[in-house]
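Peer 1: The structure is given below, and queries will be raised subsequently.
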Amino acid sequence: MNLVSEDDYDDARRSNESLELAASFYKPRLLEAGETLDGLVRGFARQSSRKLDLGLAADLSSRLYKTDESAAGLDRLSFDIQRGRDHGLADYNDYRHLCGLRQAKSFDDFLDHVPGESVKLLRKLYKQPGDVDLVVGGLAERSIEDATIGPTFRCLIAAQFSRTRRADRFFYDSTRQPKPFTTNQIAELKKATLARIFCDNGDNIAKMQSNVFLKPQVGNELQSCQNFDAIERIDLTKWIENIAY
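Numbering (numbering that gives the first Met the number 0), first residue to last: 0 to 244.
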């Protein structure tokens, strides 16, 4: 994780310090030191995410939750595989079929969405296509379009978000809640951005790009946190109640 100083106002926002994930487990006070939290926030908004695949960083695959006293850490992917089995999740092949993809009869049938090298690895690790764990197969898929995940994970995540939203009668724009927001209040809530949250809650964050999920670039340049046209702020006066006494 790179810490980025507020002094670096150029689009590149050069990294001036790094914080190793494996050295940070169980050490929440690291965030309280100096401007560490601000630096992390800038770093998160600056760095590109890595491509999703079966290759996990060592901090997650062998050093997870490692402490100063322990000789080694744990493996995140092993946890996720076992968690899926404990919860009785169906295999990757079944979820492919559920999401409208062809159900594989052989490992070669995975080639439509899984790279050849990953298919070879799956063939070595599993006896048949129906044995492949969901998390393993999902991670092995090629990312689609501009997404960071493949078609099966996209399908499942979209379905989960949709069901969670529809089932939540207290979701902010739901008219089914006992006292729903007014039209003007909902319009203000829709102005909320992660960029504004970073600006308002950092100790010394003076600039941020409007869309923090994309790196600073042409059309998404760093903006002053005081530029309320570029990084909008919610107008809380819409919640003032006129109470007659």
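Every residue, glycine too, gets a C-beta built ideally from N, C-alpha and C.
Which of the three DSSP states, helix, strand or coil, is assigned to Glu144?
Peer 2: Note: Glu144 maps to coil in three-state DSSP.
Peer 1: Start and end of the alpha helix (DSSP H) containing Leu97?
Peer 2: Counting along the chain, the alpha helix (DSSP H) containing Leu97 begins and ends at Tyr91 to Leu97.
Peer 1: What's the C-alpha gap between Asn200 and Leu36?
Peer 2: Taking the straight line from one Cα to the other gives about 10 Å.
Peer 1: Should Ile230 be labelled buried (16 or more other beta-carbon atoms within 10 Å of its own) or exposed?
Peer 2: That one is buried.
Peer 1: Let me know the alpha helix (DSSP H) ranges lying completely inside the stretch 50-87, each 4 residues or longer, listed in chain order.
Peer 2: Taking only runs of at least 4 residues, the alpha helix (DSSP H) segments lying wholly in the stretch 50-87 are 57-60 and 75-85.
Peer 1: Is Leu29 buried or exposed, if buried means 16 or more other CB atoms sit within 10 Å of its CB?
Peer 2: So Leu29 counts as exposed.
Peer 1: Can you give me the C-alpha to C-alpha distance between Ser17 and Ala205, rounded to a whole angstrom?
Peer 2: The alpha-carbon atoms of Ser17 and Ala205 are separated by roughly 21 Å.
Peer 1: Let me know the secondary structure DSSP gives Lys237 once reduced to three states.
Peer 2: Residue state, collapsed to three classes: helix.
Peer 1: By Cβ distance, which residues of its chain are closer than 6 Å to Arg164, with the 5 residues on each side in sequence left out?
Peer 2: These residues qualify, in order along the chain: Phe170.
Peer 1: Please list the terminal residues of the continuous beta strand (DSSP E) segment that includes Lys206.
Peer 2: From DSSP, the beta strand (DSSP E) with Lys206 extends over Lys206 to Gln208.
Peer 1: Is Ser161 helix, strand or coil by DSSP?
Peer 2: Looking at Ser161 - three-state DSSP - the assignment turns out to be helix.
Peer 1: Rounding to the nearest angstrom, what Cα-Cα distance links Ser142 and Ile239 in this structure?
Peer 2: Each residue's alpha carbon lies about 46 Å from the other.
Peer 1: With which residues is Ser223 paired in a DSSP beta bridge?
Peer 2: Answer is Lys206, bridged to Ser223.
Peer 1: Using a threshold of 7 Å, state whether the C-beta atoms of Leu55 and Leu76 are closer than that.
Peer 2: Taking 7 Å as the Cβ cut-off, Leu55 and Leu76 qualify as a contacting pair.
Peer 1: Given 6 Å as the limit, tell me if Tyr91 has its C-beta closer than that to any heavy atom belonging to the ligand GDP.
Peer 2: The ligand GDP is absent from the structure shown, which contains no ligands of any kind.
Peer 1: Give me the residue from Phe106, Arg162, Phe197 and Ala57 with the minimum Cα distance to Ala139.
Peer 2: Of Phe106, Arg162, Phe197 and Ala57, the residue nearest in Cα terms is Phe106.
Peer 1: Gln246 bridges to which residues according to DSSP?
Peer 2: Since the first and last residues shown for the chain are 0 and 244, residue 246 lies out of range.
Peer 1: Give the DSSP-derived three-state secondary structure of Tyr25 in the structure shown.
Peer 2: In this structure, Tyr25 counts as coil in the three-state DSSP scheme.
Peer 1: Let me confirm a value: Leu188 is counted as buried when at least 16 other C-beta atoms fall within 10 Å, else exposed. Which label applies?
Peer 2: When all chains shown are included, Leu188 counts as exposed.
Peer 1: Answer yes or no: do Val217 and Ala194 have a C-beta to C-beta separation smaller than 7 Å?
Peer 2: No, Cβ-Cβ distance for Val217 and Ala194 is not below 7 Å.
Peer 1: How many Å lie between Asp10 and Asn226 at the Cα?
Peer 2: Residue confidence is low: Asp10 scores 41 on pLDDT, short of 50, so the model does not pin down where it sits. Its coordinate-derived value is still stated next. When rounded, the distance between both Cα atoms is 17 Å.
Peer 1: Excluding the five sequence neighbours on either side, which residues of its own chain have a C-beta within less than 7 Å of the C-beta of Ser223, listed in chain order?
Peer 2: Closer than 7 Å at the Cβ level, and outside the excluded window around Ser223, lie Ala205 and Lys206.
Peer 1: Just reading off the alpha helix (DSSP H) that Gly115 is part of, what are its end residues?
Peer 2: Residues Gly115 to Leu124.
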